[in-house]
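The numbering of the sequence shown is numbering that gives the first Met the number 0, which starts it at 0 and goes up by one. Heads up, the beta-carbon is just placed ideally off N, CA and C, and yes, glycines get one too.
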Amino acid sequence: MTTLPALIWEGGTEAAVVEVPRPETREGWSRVRVGYTGLCGSDLHILAGEHIRARPGTVIGHEFAGTLDEPAAGLPAGTPVFVNPMVHCGVCDACTRGLVNICQSLTSVGIDYPGGACPEVVVPDYGLYPLPPGMRLVDAALVEPLAVGVRAVRRGEVRLGDRVHVIGAGPIGCIVGLLAGMAGAVEVTVSEPSAFRREQAAALGLTVVEGGAAPTADVVFDATGHPAAAPEITSWARPGGRIVLVGAYPPAPQPTALLSIMFAELTLVGTRIYTRQDILAAIELIASGRVDVSRFVTEVVPLRDAAKAVERLRAGTAMKLLLAPENA
0 MTTLPALIWE
10 GGTEAAVVEV
20 PRPETREGWS
30 RVRVGYTGLC
40 GSDLHILAGE
50 HIRARPGTVI
60 GHEFAGTLDE
70 PAAGLPAGTP
80 VFVNPMVHCG
90 VCDACTRGLV
100 NICQSLTSVG
110 IDYPGGACPE
120 VVVPDYGLYP
130 LPPGMRLVDA
140 ALVEPLAVGV
150 RAVRRGEVRL
160 GDRVHVIGAG
170 PIGCIVGLLA
180 GMAGAVEVTV
190 SEPSAFRREQ
200 AAALGLTVVE
210 GGAAPTADVV
220 FDATGHPAAA
230 PEITSWARPG
240 GRIVLVGAYP
250 PAPQPTALLS
260 IMFAELTLVG
270 TRIYTRQDIL
280 AAIELIASGR
290 VDVSRFVTEV
300 VPLRDAAKAV
310 ERLRAGTAMK
320 LLLAPENA
């Protein structure tokens, strides 16, 4: 049996690089040789045993780009591709209305299927996106988080002249802040408890503020998904404003000031991952040079050092870490 090295969740809070069986192809799925894989907050939730679907032995990694190992979806072998890791059922109410990003049975490569923290991964053909000529795989590995930001800003309906506030200055929060500025916001502020992330946000040109000021934001983005942030999301929005939930909260009730939403006629909006249009926009933003995603990357590490990289991410001393699976 052929095996490959991969970063897995062993159970508990343990991450390890071990040999796993080479992933097998199936009808409608094709093999991709992974160039780069990003690690994110969702991976940390898996590695902390907090993800409701992940199981011990899961090969993580849902942010990745690579090259086709075989012809697929009308593309020749060797084609550089970004991969949408999401797997929809195609038959639920959402899917039959074209809303596959909110499929009622949505699953994901890197959670429910072996992921991209491995030299090879098998993915649905409909998730393959050929990259424009000259676009680097190391940049394409950040299409996924950029697409999350694109959808969030679209869902927030940021308009010319709006003032925007982002709660949380992790990679997604910073991406949302930058895209909001590109969408026409005249002011973008960010709040964040981590000194490291505040510094990173400031280096990206975002204005870092603390709470306590009068609410002035037309649109507030909660990029944390952390229960500690739930009580404050309404405090940043001016009357008539919009609040967009970007970060995924635990599946439990959260303390939010519903009366404030009513009295101030605030609009509360959800946003979930991305659509095909969001992915295409993210690819174009990177390929055109309008968004330099390399500014979010703290470090690129070989797969053999992935467990140590996870610890740096847990410690909050890194923004975006990329793994190079072929450098096992």
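Within the same chain, show all residues whose beta-carbon is closer than 6 Å to that of residue 206, passing over the 5 residues directly before and after it, in chain order. As a position in the sequence shown, residue 206 is number 207, starting the count at 1. Counting only Cβ-Cβ distances below 6 Å, and skipping sequence neighbours, we find 188.
Option in 246, 259 and 253 with minimal Cα separation from residue 234: Start at 1 with the first residue of the sequence shown, and residue 234 comes out as number 235. Per the Cα distances, 259.
Residue 217 versus residue 322: straight-line alpha-carbon distance, rounded: Residue 217 sits at position 218 when you count from the first residue of the sequence shown. Residue 322 sits at position 323 when you count from the first residue of the sequence shown. Taking the straight line from one Cα to the other gives about 38 Å.
Out of 33, 50, 193 and 277, which one is the CA nearest neighbour of residue 247? Working through the sequence shown from its first residue, we reach residue 247 at position 248. Here the closest residue by C-alpha is 50.
Short check: CB of residue 144 to CB of residue 101, under 9 Å? Counted from its first residue, the sequence shown places residue 144 at position 145. Counted from its first residue, the sequence shown places residue 101 at position 102. In this structure, residue 101 does not lie closer than 9 Å to residue 144 by Cβ.
Rounded distance between the beta-carbons of residue 117 and residue 46, thought under 8 Å: On the sequence shown, position 47 is the one that residue 46 refers to. On the sequence shown, position 118 is the one that residue 117 refers to. Rounded, the Cβ-Cβ distance is 15 Å, inconsistent with contact.
When you compare only the Cα positions, how much space is there between residue 317 and residue 225? Translated into the one-based positions of the sequence shown, residue 317 becomes position 318. Translated into the one-based positions of the sequence shown, residue 225 becomes position 226. Distance between the alpha carbons of residue 317 and residue 225: 19 Å.
Going by Cα to Cα distance, which pick from 196, 137, 201 and 128 is closest to residue 223? As a first step, residue 223 is located in the sequence shown; it is residue number 224 there, counting from the start. Looking at the Cα atoms, 196 is the closest of the given residues.
Which same chain residues, not among the five before or five after residue 282, have their C-beta less than 6 Å away from its C-beta? As a first step, residue 282 is located in the sequence shown; it is residue number 283 there, counting from the start. Correct list, in chain order: 142.
Collapsed DSSP secondary structure at residue 41 in the structure displayed: In the sequence shown, counting from the first residue as 1, residue 41 sits at position 42. It is helical.
Is the region 15–33 touching the region 111–130, taking contact as three or more C-beta pairs under 8 Å? yes
For residue 262, count the other beta carbons within 10 Å of its own beta carbon; 16 or more makes it buried, fewer makes it exposed. Which is it? Working through the sequence shown from its first residue, we reach residue 262 at position 263. Counting Cβ neighbours within 10 Å, residue 262 comes out exposed, since fewer than 16 surround it.
Pick helix, strand or coil for residue 161, following the three-state DSSP scheme. One-based indexing of the sequence shown puts residue 161 at position 162. Coil, per DSSP.
State buried or exposed for residue 270, treating a residue as buried only when at least 16 other CB atoms are found within 10 Å of its CB. Within the sequence shown, numbered from 1, the residue matching residue 270 stands at position 271. So residue 270 counts as buried.
DSSP three-state call for residue 104: helix, strand or coil? Here the question's residue 104 lines up with position 105 in the sequence shown. Correct three-state label for residue 104: coil.
Start and end of the alpha helix (DSSP H) containing residue 176? On the sequence shown, position 177 is the one that residue 176 refers to. From DSSP, the alpha helix (DSSP H) with residue 176 extends over 170–182.
Rounded to whole angstroms, what's the CA-CA distance from residue 103 to residue 88? Just pull it up for me. For this step, residue 103 is matched to residue 104 along the sequence shown. For this step, residue 88 is matched to residue 89 along the sequence shown. When rounded, the distance between both Cα atoms is 8 Å.
Considering just the uninterrupted stretch of the alpha helix (DSSP H) at residue 259, what are its terminal residues? By 1-based counting over the sequence shown, the position of residue 259 is 260. Counting along the chain, the alpha helix (DSSP H) containing residue 259 begins and ends at 257–262.
4 or more residues per run - each alpha helix (DSSP H) lying fully within the region 251–309: 257–262 and 275–286
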